[in-house]
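If you read the sequence shown in our numbering, its first letter stands for residue 473, the second for the next number, and so on. C-beta atoms are modelled at their ideal positions from N, C-alpha and C, and glycine is treated no differently. Quick caveat: nothing in here was measured; it's all calculated off a predicted structure.
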Amino acid sequence: MNFKGRDILSTADLTKEDFLEIMEVTGKMEELVKKESVSDLLSDKIIAVLFMEPSTRTRLSFETAVHRLGARPITVSSAASSSAAKGESLADTAKTVDGYVDAIVVRQPLKGGAKIMADAAKAPVINGGDGAGQHPTQALLDMYTILNEKGSLEKLKVAMVGDLKYGRTVHSLSYAMAPFSPKEYIYCAPDELQMPEDIVADMEKKSIPIKKTQDINEALQADIIYMTRIQRERFEDPAEYERLKGSYVLNRSLVEKGNKDIVIMHPLPRVDEIATDVDDLPNAAYFRQAHNGVYLRMALLAMITGRA
Ligand code: NCD
473 MNFKGRDILS TADLTKEDFL EIMEVTGKME ELVKKESVSD LLSDKIIAVL
523 FMEPSTRTRL SFETAVHRLG ARPITVSSAA SSSAAKGESL ADTAKTVDGY
573 VDAIVVRQPL KGGAKIMADA AKAPVINGGD GAGQHPTQAL LDMYTILNEK
623 GSLEKLKVAM VGDLKYGRTV HSLSYAMAPF SPKEYIYCAP DELQMPEDIV
673 ADMEKKSIPI KKTQDINEAL QADIIYMTRI QRERFEDPAE YERLKGSYVL
723 NRSLVEKGNK DIVIMHPLPR VDEIATDVDD LPNAAYFRQA HNGVYLRMAL
773 LAMITGRA
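Set out below in structure tokens:
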């Protein structure tokens with residue numbers, strides 16, 4: 473499938489073949505970086521990196537990807553520093569930036585906001601996180617990490633733990649792994665923060681066995697345990713956040729009671745849901761996961777600009 477000009481808005485829009493192609497190009501980008509660190513593949517391209525919500529990894533790894541491809545970024549790093557602060561609509565921002573660049577990466581707080589921008593812009597748009605909606609590039613780098621750590625994406629038991637309601641990464645990961653015949657998804661969360669019903673229904677339609685639990689020990693029997701932060705900024709009631717924060721803390725003694733080959737992942741930033749005594753375990757993949765973000769984002773940028 474030719475990716476040239478294509479928007480990357482949600483993992484629900486991608487096929488198994490798309491995922492495999494993206495994994496393959498990501499592998500090539502990793503080799504490229506290890507060989508020559510900066511290429512001239514996109515040296516005639518300018519990429520907009522518009523971040524209207526806080527970010528460390530996603531924005532910096534996109535910018536690193538842009539530089540390593542020899543392209544140039546124009547960047548907005550907060551809503552306060554763009555015309556969003558003056559009340560400009562997402563569609564108007566998109567139509568304007570569209571005239572400046574070859575591709576647009578956007579993170580903003582409205583679920584569906586990246587789609588609004590993609591509909592308004594001719595240039596391809598990559599969703600870097602749309603509120604509590606989706607975060608497809610995170611799920612794709614998560615897949616690349618799983619492939620590296622496990623050697624395959626097929627037939628895995630994947631546990632997702634924490635804030636499954638507001639956590640967009642686990643929404644995207646659920647759709648991303650779905651074509652690879654997961655043995656089971658274990659959704660481990662307090663009842664109030666369980667996976668949205670529409671996503672559970674979509675997974676059931678794809679015949680994926682789902683187990684909902686509040687017990688992290690069940691999650692620790694999986695092949696992959698994907699921890700998430702309780703998404704404080706998405707709660708309407710701060711008292712509810714106070715009640716639910718700290719629901720799950722994975723520490724070394726808990727890990728030692730689980731599957732000894734488990735791969736521990738986290739999109740980061742962590743607050744307190746993984747104790748630092750887990751970091752030295754070979755199972756802890758979350759910093760390797762963060763580094764993979766650069767290769768994956770290079771791959772996507774090269775693909776949507778028609779250069780890979
Ligand atoms: C995630 C996000 O922004 O959704 N972070 C990231 O992109 N690595 C997860 C989070 O903020 O909890």
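Any heavy atom of the ligand NCD closer than 6 Å to the CB of His607?
As a first step, residue 607 must be located in the sequence shown, where it is residue number 135. Yes, the ligand NCD has a heavy atom inside 6 Å of this Cβ.
Mapping DSSP to helix, strand and coil, what is Asn599?
To locate residue 599, count along the sequence shown from 1; it is residue 127. Looking at Asn599 - three-state DSSP - the assignment turns out to be strand.
Residues bridged to Leu722 [DSSP beta-bridge criterion]
In the sequence shown, counting from the first residue as 1, residue 722 sits at position 250. Partner(s): Ile746.
Taking Phe475 as part of the alpha helix (DSSP H), name the residues at either end of that continuous run.
In the sequence shown, residue 475 corresponds to position 3, counting from 1. Premise fails: Phe475 is in no alpha helix (DSSP H) and is neither H nor E.
With a floor of 3 residues, list each beta strand (DSSP E) that falls wholly inside the region 517 to 577, ordered by position along the chain.
518 to 523, 544 to 548
Comparing C-alpha positions only, which one of Gly600, Ser679, Glu708 sits nearest to Thr528?
Along the sequence shown, one-based indexing puts residue 528 at 56. Checked all of Gly600, Ser679, Glu708; the closest Cα to Thr528 is Gly600.
With burial defined as no fewer than 16 other Cβ atoms inside 10 Å of the residue's Cβ, what is the status of Val743: buried or exposed?
Within the sequence shown, the letter at position 271 stands for residue 743. Counting Cβ neighbours within 10 Å, Val743 comes out exposed, since fewer than 16 surround it.
Using the three-state DSSP reduction, which class does Val642 fall into: helix, strand or coil?
As a first step, residue 642 is located in the sequence shown; it is residue number 170 there, counting from the start. Helix, per DSSP.
Endpoints, alpha helix (DSSP H) assigned at Glu664
Counting from 1 along the sequence shown, the entry for residue 664 is found at position 192. If you look at Glu664, you'll find it isn't in any alpha helix (DSSP H); DSSP assigns it neither H nor E.
The ligand NCD heavy atoms versus the CB of Gln693: any closer than 6 Å?
Here residue 693 corresponds to residue number 221 of the sequence shown, with the count starting at 1. Gln693: no, Cβ never under 6 Å from the ligand NCD.
Please determine whether the Cβ atom of Pro581 lies at a distance below 6 Å from any heavy atom of the ligand NCD.
Within the sequence shown, numbered from 1, the residue matching residue 581 stands at position 109. Pro581 Cβ: outside cutoff for every heavy atom of the ligand NCD.
Counting Cβ pairs, one atom from each stretch, are 3 or more of them under 8 Å apart for the region 630 to 638 and the region 495 to 512?
no
Proximity below 7 Å, CB of Ala757 to CB of Val750
Working through the sequence shown from its first residue, we reach residue 757 at position 285. Working through the sequence shown from its first residue, we reach residue 750 at position 278. Result no, Cβ atoms of Ala757 and Val750 do not sit closer than 7 Å.
With a cut-off of 8 Å, do at least 3 Cβ pairs link the region 730 to 740 to the region 685 to 701?
yes
Those residues which DSSP pairs with Leu580 across a bridge:
For the purposes of this step, residue 580 is taken as the residue at position 108 of the sequence shown. At residue 580 the sequence reads Gln, which differs from the Leu that was named. Beta-bridge pairing links Gln580 to Asp602.
With Ser482 and Gln606 assumed to form a contact (beta carbons below 8 Å), what rounded beta-carbon distance in angstroms separates them?
As a first step, residue 482 must be located in the sequence shown, where it is residue number 10. As a first step, residue 606 must be located in the sequence shown, where it is residue number 134. Going by Cβ atoms, the distance from Ser482 to Gln606 rounds to 5 Å, so yes, they are a contact pair.
Measuring only the C-alpha atoms, how far is Pro654 from Thr530?
Sequence index remark: in the sequence shown, residue 654 carries index 182 (1-based). Sequence index remark: in the sequence shown, residue 530 carries index 58 (1-based). Straight-line Cα distance between these residues: approximately 27 Å.
Per DSSP, what kind of secondary structure is Lys500 in: helix, strand or coil?
Indexing the sequence shown from 1 puts residue 500 at position 28. Three-state DSSP puts Lys500 in a helix.
Between which two residues does the alpha helix (DSSP H) carrying Ile618 extend?
For this step, residue 618 is matched to residue 146 along the sequence shown. Residues 608 to 622.
Is any heavy atom of the ligand NCD found at a distance shorter than 6 Å from the C-beta of Leu665?
Walking along the sequence shown from the start, residue 665 turns up at place 193. No; taking the cut-off as 6 Å, the Cβ of Leu665 has no heavy atom of the ligand NCD nearer than that.
Spatial neighbours of Pro739 in its chain, beta-carbon cut-off 6 Å, leaving aside the 5 residues before and after
Here residue 739 is taken as the residue at index 267 of the sequence shown, counted from 1. So the list reads Gln610, Thr641, once near-sequence residues are dropped.
Rounded separation between Ser550 and Lys558 - CA only:
As a working note, residue 550 is residue 78 in the sequence shown. As a working note, residue 558 is residue 86 in the sequence shown. Taking the straight line from one Cα to the other gives about 13 Å.
Residue from Asp709, Asp752, Ala673, Phe534 with nearest C-alpha to Ser646:
Residue 646 sits at position 174 when you count from the first residue of the sequence shown. Ranking the options by Cα distance to Ser646, first place goes to Ala673.
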